[in-house]
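Residue numbers (UniProt numbering), protein chains in the order written: chain A, 1 to 138; chain B, 1 to 138. For reference, the structure discussed in these notes is given below.
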DNA sequence: TCCTACATTGGACTTTGTCTAAGTCAAGAA
DNA sequence: TTCTTGACTTAGACAAAGTCCAATGTAGGA
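Below you can see the structure in the form of structure tokens.
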């Protein structure tokens, strides 16, 4: 994650305490927090940090390609720090747990030309849904 | 669509003017309205209809499996009346236009067992993103 | 026709996110 | 080190999308 801060400084990012704690909160591989969760965790490290700054910082990190926005439930967006490796998501329909997964095959190639309606198709997002082991057991 | 109303009555749905106009608005194949758009169009046919009723009715139609919720942009959910035929969505990243598409292959099968983490995977949602012909031309 | 359980209504409320004006501060210049 | 300046942060107002509730209305069976 210090890599991240270095990279961002290299791109002219002014390095503030607020941005540092947001980056720190997002450190870790299998984390998909909402903006509010990021704010709560950041506030634990830096109590005065404001919601607006968290939203701003998340937005910048998305623009810079350092994190990804994921909306799996039509409610709050979640932020996925694992942006440098292509992956898709597996979501528990009951508790909402999210896991990063790697389907086989070329998902983009599965949309035949006659189903593209002249679009220049650039990306594909896949969400698998089902019951996680915990919820299936309960 | 009168089929729909018959089916719902068969399931004990009380048939009110409000529900009738919501169903009427959703009639048509390639329509993906937001709740607000449904409300606006329903109000054109039945001016006193309230937002709460539109939300209630859409929610019931989703539960009954007659329409599908689609959230392609992290903002308002959209409602897809084409719920009886499996399909996925192709979305223009610029103007937001949505088309129903039919990828080849078995998308569910592309998630290998070792990538399922014990989940009972039941469904897969795919969103293709790109520029529609109009936006690509502009 | 009457009854009643189910449906509708409007408005308050919640959640998620955006915007703005005023104040603060990181980092380069001197 | 201190100064300067434009980028950054803040609190709170605002907006969009959706939920909830108590009061009222009504579809459809008896």
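Ideal Cβ placement from N, Cα and C applies to all residues, glycine included. If you're wondering where the values come from, they're calculated on a predicted model, not measured in any experiment.
Test item: CB-CB of residue i and residue j under 8 Å
| i | j | result |
| --- | --- | --- |
| residue 96/B | residue 69/A | no |
| residue 130/A | residue 119/B | yes |
| residue 101/B | residue 115/A | yes |
| residue 59/A | residue 110/B | no |
| residue 18/B | residue 46/B | yes |
| residue 4/B | residue 35/B | no |
| residue 9/B | residue 15/B | yes |
| residue 62/A | residue 41/A | no |
| residue 90/B | residue 128/B | yes |
| residue 71/B | residue 71/A | yes |
For residue i, the residue or residues it bridges with in DSSP
| i | result |
| --- | --- |
| residue 89/A | 100/A, 127/A |
| residue 80/A | 68/A |
| residue 120/A | 131/B |
| residue 34/B | 78/B |
Own chain residues within Cβ distance below 7 Å of residue i, not counting five before or after
| i | result |
| --- | --- |
| residue 124/A | 107, 108 |
| residue 87/B | 100, 101, 102 |
| residue 50/B | none |
Helix, strand or coil at residue i according to DSSP, with G and I counted as helix
| i | result |
| --- | --- |
| residue 57/B | helix |
| residue 47/A | coil |
| residue 15/A | coil |
| residue 27/B | coil |
| residue 3/B | helix |
| residue 138/A | coil |
| residue 108/A | helix |
Under 8 Å (Cβ pairs) to chain B, residues found in the stretch 97-117 of chain A: 99, 101, 102, 103, 104, 105, 107, 108, 110, 111, 112, 115, 116, 117
Anything in the stretch 118-135 of chain A with a Cβ closer than 7 Å to a Cβ of chain B? List those residues in chain order, please. 118, 119, 120, 121, 122, 123, 124, 125, 126, 127, 128, 129, 130, 131, 132, 133
When you check each C-beta in the stretch 56-71 of chain A against every C-beta of chain B, which residues fall closer than 8 Å? 69, 71
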